[in-house]
Every structure is written in structure tokens, then in C-alpha cells.
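In my numbering, the protein residues as written are 1 to 559.
All C-beta atoms, glycine included, are put in the ideal place defined by N, C-alpha and C.
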Amino acid sequence: MKTQLSSLDLSFLVSELKLLIGARVQKVYQIDERSIRIDLHSREGSKELIVAPHFLSLTQNPYKTGKKPSGFSMLLRKHLSGGIIDSLEQYDFDRIVEIGIKNREDYRLVFEVFSKGNVLLLDKDRKILGLLDWQRWKDRTLGVGKGYEYPPPTVDVKGLGFEGFFGILKKSNKSLVKALAMDLGLGGVYAEEVCLRSKMDKASTTVEEKDAMIVFEKVAELLKSSIDARIVFDKGGEKLDVTPTKLLAYEGYDEKRYAKFGEAVDHYFFELNVEGIKEESEERFSREVDRLESLRKNLEDSTRELEEEIERYKNAGDLIYKRFQELSGVLEGLKQGRVHWMEYLKSLGYSEFKEKEKSFLFEGIWVDIDKSVPENAEIYYKKSKKARQKLAGAEETIKRVLDDLSKAKERKDEGMAVIEKQFEKGETRKKKWYDAFRWFFSSDGFLVVGGKDATTNEVLIKKHLEPSDLVFHSTVHGAPFFIIKNPDKKEIPDSTKEETAQAAVSYSSAWKDGLGSADTYCIKPEQVSKKAPSGQFMGKGAFMIYGEREWFRGVPLGV
1 MKTQLSSLDL SFLVSELKLL IGARVQKVYQ IDERSIRIDL HSREGSKELI
51 VAPHFLSLTQ NPYKTGKKPS GFSMLLRKHL SGGIIDSLEQ YDFDRIVEIG
101 IKNREDYRLV FEVFSKGNVL LLDKDRKILG LLDWQRWKDR TLGVGKGYEY
151 PPPTVDVKGL GFEGFFGILK KSNKSLVKAL AMDLGLGGVY AEEVCLRSKM
201 DKASTTVEEK DAMIVFEKVA ELLKSSIDAR IVFDKGGEKL DVTPTKLLAY
251 EGYDEKRYAK FGEAVDHYFF ELNVEGIKEE SEERFSREVD RLESLRKNLE
301 DSTRELEEEI ERYKNAGDLI YKRFQELSGV LEGLKQGRVH WMEYLKSLGY
351 SEFKEKEKSF LFEGIWVDID KSVPENAEIY YKKSKKARQK LAGAEETIKR
401 VLDDLSKAKE RKDEGMAVIE KQFEKGETRK KKWYDAFRWF FSSDGFLVVG
451 GKDATTNEVL IKKHLEPSDL VFHSTVHGAP FFIIKNPDKK EIPDSTKEET
501 AQAAVSYSSA WKDGLGSADT YCIKPEQVSK KAPSGQFMGK GAFMIYGERE
551 WFRGVPLGV
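Spelled out as C-alpha cells, the structure:
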């Protein structure tokens, strides 16, 4: 069963994810200790990118987040919110994906999809500003303030010519399938697939040049396969693998096909990731419950021992008084001092002594020869009393532990219920008025709404424009109107204005005209009028603009 993406998987996935170039980062959330969600807005609308230890994908599944953002997600928000993705690539043929993000500065977001996984934020000089997990390896250390170093290089089979390919096979003392899997980095499943497609003996440790050429061509064929993604199920109906194309290795297996590899990856890993999160959460909640259960058991064992001590010491004191006359006679005889005290007691039939403590065993009770009968009894009564006091303290502690245990179990049940609910398919969001338009929330939290065509332009300005809003329009032909909604009459930050200006030019015909940037302006609602000058006609979606304008010059395209 596949539990992580291979280098080849990532190669196909990255080719699909390149559609995110030009998308704007809205917010970053941490789903759990090792996974993050990046909310994006692209020309195709809102997108959610999930990055987990062993995969990444755009998702349509309900990965929800905690109420309190983590420090790492806050760091990513601080540097990346509002930034534009300007590059997305796989490093060589490794399980590393890098996203370039242009904001106030240039950043690189690096995803290492191997081992425990990691997410790192780098500055323009590739210094690590923050990371999900500090890690030390034999050949590199990942930590804040350090320069980012790649792992030792692997073979980039995509860029390898036949001579280099054949050279690696010749030098390898492994079987063909292992050389393909390990030395050339294809991984087990795809190495098996190449052997099947080339009809070669996978166990062979020597490959002739003509056979190597066939294998080389089949590797190239696999790398250039058209996307025909699918989830493969084993004979028991459980998920077995997710692949970007059909494999001979899974001939006869049940499969579910997907138009995009990313969709297949999303559906495949969602359940695996959810189970992992549930197990991890269960373990985390259980640790405290188990600790308190162990403490409760130890305390209950202690109380039983104390109860036994209370009874034993009381009985000892009672026995001493019950045999008062007999013990008094023994102790009086010892006072005569005619022989050594131990010799005297031996003559009376006693055989166990503590010479240093000057005591002898009487009916299972140690009696001090230098103390009177009442004093010996009092020793045991005091021990019984002390044990009773300890018992009272232990019982109070048990009450507190039981209370803590009850609360810990409640927290566990509530926490697991939240985790379960977190991954339930939620109800469809109730439609908002702005769903009929283009819209997004700015990095400062303002709702920004734009027209899609002449009709929605008309409706937006006539029906939804309010006195405290701001209106944006580009000078490019066919540009829609955008408005920043401001019902609370707050001061609108420059960052929100700049984001809206970019949306206004990006949804114009500037893309079609091949422009890299364009001008737009901002006005107040009272400067917008449907009333045309004498002799002119205002068509649907067109308005007159009066008064001074706040200009945004050379705004780059890239929603």
C-alpha cells in the first residue's frame, strides 16, 4: 500500500500544480502538527493546497483547522499573505517541491515530501526564516537562521541521456528492478512497471546495451505518459495505490479513474491522512488519561497498604495490652540484670532478637526491653495513627486524581469528537449575494467584489454599492468594476487597495492583449453616475466617472 508519493508521482503532480502560478496567497493554516493548508485565489477561483509529510495536493476535502493558529502558520501568513506565486517546480527528480512567492520580498516555500516531511520558508538569500520541524541529518542541519541545503544529489532520470543511463546500470551490482528502483530513483512499483513493459527479466544483474536501450525507452515512455490517473484497490477493496497513468502491474485490479492526478492523490491520501491524524490525536489524548489511570492505581494500592498498616499496628498495640501481665513479668525479670538480656530471654523460650535496638519478637511483635508495656503499646498506636493520617491524605489525592481523570476522559472524548467532525463532509455553504460575482477577501479581511460581464457590472454598482465602499476600474478595454465593501466604515489599508487594483486589471482584456501590467484608478461611490452627458447613451454595465481619481500605475497582472 502506498503511503507516500514517489519522485515520479511528484513529477506528474507538479506539472498539474503549475496552474497555481499567478495565484495569490490568502492565508495559511496548520491542520495538525505536521500538515498545513494554504488558501489561494487564482484565475479559476479559490483553491486549497494541502501539504502533509508524504504528499501534497489541491483538495476539495474538508481539512479544517483549529481555532488558534500555530506560530509557524502565523509566520507564513506574515510573510506570504497577499503574495503572488511566480514559480513552482520539483527540485531535480527529488521529492522536494519549491514554490516561489513574490510579496514585499521574494520568498521560497520548500516542501520536503520524504522521511517525516517538512515545510521551510526561505528568504531571497535562501536563509531559513521558519520551518515546521527542526531536523539534523548526517550531511545537513535544518534550523532557523541557517542556509538551506538540499539533501545529497540523486539521479535525475528525466534529464539523463542513454549513455549515463546505461553507465548506471553497468556499474550497479543489483538486479535490474532494484537498480531502476534505487539507483535511478523510480521506486519499486514503477521499476516493476518498466520491467514489465520492456519484457526484461527483472532479476537479471547484467544488461546488454541493446536491452538497456529498450529499458531506457520504456522509462522515457513512462515519464511522458498522458495523465490517466487512478486509485487502485486490492482484492479486499482497500486502497492500494494511486498512479498518474495506467500500469500493467495492476492489470486485473479494481480501479477508479480521475481526470487529474491531483484529484486522485487528494482522494487517496485524505482517508490515510485522516486516519493518521486520528491515531496521533488518540495517542496524544490517551497519554494524559493513561498517566492518571496509572497514578490512580498506584494510589489505590497505597491506600490498601495503609489500611492494612492501620489494622496491623492497632492490633499490635491491643495485643500488648491483652498480654499485659505476661509482658510485665518478662520486662521486670530483665531489670534484675543477673544475666545478659538475650540469654535471659532465651531461657524463657524467645529466639528472635534485634541486639542493636534491644528488642525481642513477642507473638510477632517487636518489644523494646527499655520501655514499659504501655510505652511499647503506644509505639504501635502512634504508627497506626500516622498511617491513618497518610490514608486521609491519599484518599484526598485519589479524589483529585479521579476528578482529573474524569476531565481528561471528557477532553479525550470531546477532542476526538471534534477530530471526527473536522473531517465530516460539511453542509454546503449557504449562498451569499456575492457568489454571483467575482469575489475574494483581501489580506486585511475586506470583501472585494467584481463584475463578470456588463450585466453583473450594472447590478453590482446599482444594487450593491454603498456610500462607505470604494470603486475600482481599469483603463483597459472591457475591464469590470470592483468594489471594496466597507460596511463598518473603517480606513481601508493600502494593501487591500493594491490587491483590488491588481484584480481590476487582471480580469480585464489585458491578458488577451499580452500586457504585463496596466493602470487602474479608485473613486468614491458618489463619483459614479449612470447619467450620460447630453446626446450620449450609457450602455449596460457602463457608467460615467466624475471628479479626481486615485491612480495605481503599472499594476502587474497576476490574480
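Beta strand (DSSP E) segment containing residue i, residue limits
i: Thr520; result: Ser517 to Ile523
i: Gly71; result: Premise fails: Gly71 lies in the alpha helix (DSSP H), Gly71 to Leu80, not in any beta strand (DSSP E).
i: Gly450; result: Leu447 to Gly450
i: Glu466; result: Counting along the chain, Glu466 falls outside any beta strand (DSSP E), and DSSP gives it neither H nor E.
i: Leu20; result: Run containing Leu20: none; DSSP gives neither H nor E here.
i: Glu221; result: It is not in any beta strand (DSSP E) - Glu221 instead sits in the alpha helix (DSSP H) that spans Glu209 to Leu223.
i: Ser57; result: Phe55 to Leu58
i: Lys102; result: Ile96 to Lys102
i: Phe440; result: Arg438 to Phe441
i: Gly554; result: Glu550 to Pro556
i: Arg108; result: Asp106 to Glu112
Own chain partners of residue i with C-beta closer than 7 Å, once the 5 adjacent residues on each side are dropped
i: Asp444; result: Pro493, Ser495 and Thr496
i: His267; result: Ile231
i: Asp404; result: Leu292
i: Glu89; result: Val14 and Glu98
i: Glu307; result: Leu391
i: Leu122; result: Tyr107, Arg108, Val110, Ile128, Leu129 and Tyr148
i: Asp606; result: Missing from the structure shown is residue 606; the chain here goes from 1 to 559 and no further.
i: Lys102; result: Gly83, Ile84 and Asp86
i: Glu548; result: none
Distance between residue j and residue i (C-alpha atoms, nearest Å)
i: Lys256; j: Tyr190; result: 19 Å
i: His79; j: Ile484; result: 23 Å
i: Phe55; j: Gln4; result: 6 Å
i: Lys530; j: Gln60; result: 41 Å
i: Gln30; j: Ile38; result: 9 Å
i: Leu17; j: Val265; result: 12 Å
i: Ser172; j: Met182; result: 10 Å
i: Leu120; j: Gly82; result: 18 Å
i: Val559; j: Phe270; result: Here the model assigns Val559 a pLDDT of 48, short of 50, so the residue's position is not dependable, and the following value carries that caveat. Looking at the two C-alpha atoms, the distance is approximately 28 Å.
i: Glu149; j: Val110; result: 11 Å
i: Lys432; j: Ala220; result: 49 Å
i: Leu298; j: Lys385; result: The sequence given here places Asn at residue 298; Leu does not occur at that position. Distance between the alpha carbons of Asn298 and Lys385 is about 22 Å.
i: Phe72; j: Lys27; result: 12 Å
i: Leu334; j: Glu326; result: 13 Å
i: Lys218; j: Arg34; result: 37 Å
i: Lys116; j: Leu295; result: 33 Å
i: Gly100; j: Thr205; result: 42 Å
i: Asp469; j: Ala542; result: 19 Å
i: Ser11; j: Phe93; result: 7 Å
i: Val157; j: Ser7; result: 10 Å
i: Val373; j: Trp341; result: 17 Å
i: Ser347; j: Ile398; result: 50 Å
i: Leu460; j: Asp234; result: 53 Å
i: Leu223; j: Asp9; result: 10 Å
i: Ser57; j: Asp301; result: 53 Å
Cβ neighbours of residue i in the same chain (closer than 6 Å, five flanking residues each side left out)
i: Trp137; result: none
i: Gly143; result: Trp134
i: Glu309; result: Ala387
i: Tyr321; result: Ala377
i: Leu331; result: none
i: Val155; result: Leu184 and Gly185
i: Asp519; result: Thr475 and Arg553
i: Tyr434; result: Val449
Residue i at chain B interface by Cβ criterion, 7 Å
i: Glu548; result: No chain B appears in the structure shown, which is made up of a single protein chain.
Close-in-space but distant-in-sequence residues of the same chain around residue i (CB under 8 Å, 5 per side omitted)
i: Asp370; result: Lys358
i: Phe462; result: A quick correction: the sequence has Lys, not Phe, at residue 462. Excluding sequence neighbours, Lys462 sits near Lys530.
i: Leu19; result: Ser42 and Glu44
i: Tyr91; result: Val97, Glu98 and Tyr150
i: Ala249; result: Val189, Glu192, Glu193 and Leu196
i: Leu40; result: Leu20, Ala23, Arg24, Val25, Gln26, Ser46, Lys47, Glu48, Leu49 and Ile85
Host alpha helix (DSSP H) of residue i (start-end)
i: Ala504; result: Asp494 to Ser506
i: Trp366; result: Trp366 -> not in any alpha helix (DSSP H); beta strand (DSSP E) instead, spanning Ile365 to Asp368.
i: Gln325; result: Phe324 to Gln336
i: Ile168; result: Phe162 to Lys171
i: Leu345; result: Trp341 to Ser347
Residues sharing a beta bridge with residue i, DSSP
i: Gly45; result: Ser42
i: Phe233; result: Lys239 and Asp254
i: Pro533; result: Its beta-bridge partners do not exist; DSSP assigns none.
i: His473; result: Phe481 and Tyr521
task = May I ask you to verify whether the stretch 344-352 touches the stretch 289-299, counting CB pairs closer than 8 Å and requiring at least 3?
result = no
Any 3 or more C-beta pairs closer than 8 Å across the stretch 33-45 and the stretch 8-24 = yes
query = If you pair each beta-carbon of the stretch 548-555 with each one of the stretch 497-504, do three or more pairs fall below 8 Å?
reply = yes
task = Decide if the stretch 431-441 is in contact with the stretch 452-468; the criterion is three or more beta carbon pairs, one per stretch, under 8 Å apart.
result = yes
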